[in-house]
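Going by full-length UniProt numbering, the sequence shown opens with residue 1, and the numbers climb by one from there.
Ideal placement from N, C-alpha and C gives every residue a C-beta, glycine not left out.
Here the structure is a predicted model, which means the values were calculated and not measured.
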Amino acid sequence: MLLSSCKSSPDPAKPGNNDTGSGLTYLALGDSYTIGESVSKEDRWPMQLAAALRENGVAVQEPYFIARTGWTTKDLLDGTQNYHPDKPYDVVSLLIGVNNQYQGRSIEEYRSQFHDLLVRSIGYAGGNAEKVFVLSIPDWGVTPFGESVRKRTAKEIDNFNKVAKEECDKEKILFINITDISRTALNDVSMVASDNLHFSAKMYRLWVNETIPAIKPKI
């Protein structure tokens, strides 16, 4: 699960050439939402985003993923520590924090580690913050799995997202709010994956639709 009760150990990415073909290079950083727990590889939101960009006339390669189910901000920092690509990425996305909330990690810890991830993301983009964007943490409390803690989860997710937005503003990084979209799953089971916890390809498509007009002018 995205919120793995059994914490997933970091899996540091191996350094290598990030240019594997024609088009913009894209690095997707995150947790289970980014890696697409309970959906096919093609249905992951970064994969759908790349496909949608191509449909909009932007040549972009298949995303390179550094993400794992259960990862917190600390796990993602560990997972990227030894990753040193040969050249900067043209696009870098970051979506992280749901497991910090689920595990009861502190807001202060999240702020510090999230800021470090923003700095690292900018580095992967060759120092250009305009090539980086962040998606807000979706609200898993609207899923059947989260029913018993729905109100508390919503409040805590909002608090974490407030911090993420503040840190993005400091670094002049685009912050895209998809949390409200995720909450539409409360009344639409087709937005939830078969595990009753993660979101479906249909939901991820809505995130992509929100993202495209925001990032296209920047890339």
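The beta-carbon separation of Ala28 and Ala67, rounded to 6 Å, stays under the 8 Å limit for a contact.
Here Tyr204 is not bridged, per DSSP, to any residue.
For Val149, there is no enclosing beta strand (DSSP E), since its DSSP letter is neither H nor E. Beta-bridge partners assigned by DSSP to Ile35: none are found. Nearest neighbour of Ser93 by Cα position, chosen from Ala50, Tyr83, Asn100, turns out to be Ala50.
Judged by DSSP in its simplified three-state form, Ile173 adopts coil rather than helix or strand. Tyr26 and Ala201 have their C-alpha atoms roughly 20 Å apart. DSSP, read as helix, strand or coil, puts Ser190 in helix. Around Arg44, the same chain offers Gly36 as residues with beta carbons nearer than 6 Å, after the five sequence neighbours per side are excluded. The residues Thr143, Pro144, Phe145, in chain order, have a CB closer than 8 Å to that of Asn196 in the same chain once the five nearest residues on each side in sequence are set aside.
When the Cα atoms are used, Asp90 and Thr179 turn out to be separated by approximately 25 Å. If you keep only unbroken alpha helix (DSSP H) runs of at least 4 residues inside the segment 52-88, you get 73-80. For Ser112, no beta strand (DSSP E) run applies; the uninterrupted alpha helix (DSSP H) run containing it begins and ends at 107-124, by DSSP. At the C-beta level, Ile96 and Asp188 stay beyond 8 Å of one another.
Minimum Cα-Cα distance from Phe133 among the listed residues Tyr204, Val39, Ile122 corresponds to Ile122. Buried is the label assigned to Asp139, since at least 16 other Cβ atoms lie within 10 Å of its Cβ. The three-state secondary structure of Gly30, taken from DSSP, is strand. For Ser93, the three-state secondary structure derived from DSSP is strand. In the three-state reduction of the DSSP assignment, Leu24 falls in the strand class, which pools E and B. Cα atoms of Ser148 and Leu174: separation of roughly 33 Å, rounded to the nearest angstrom. Here DSSP, grouped into helix, strand and coil, assigns Leu197 to coil.
Residue burial is scored here from C-beta neighbours: Arg120 has at least 16 other C-beta atoms within 10 angstroms and is therefore classed as buried.
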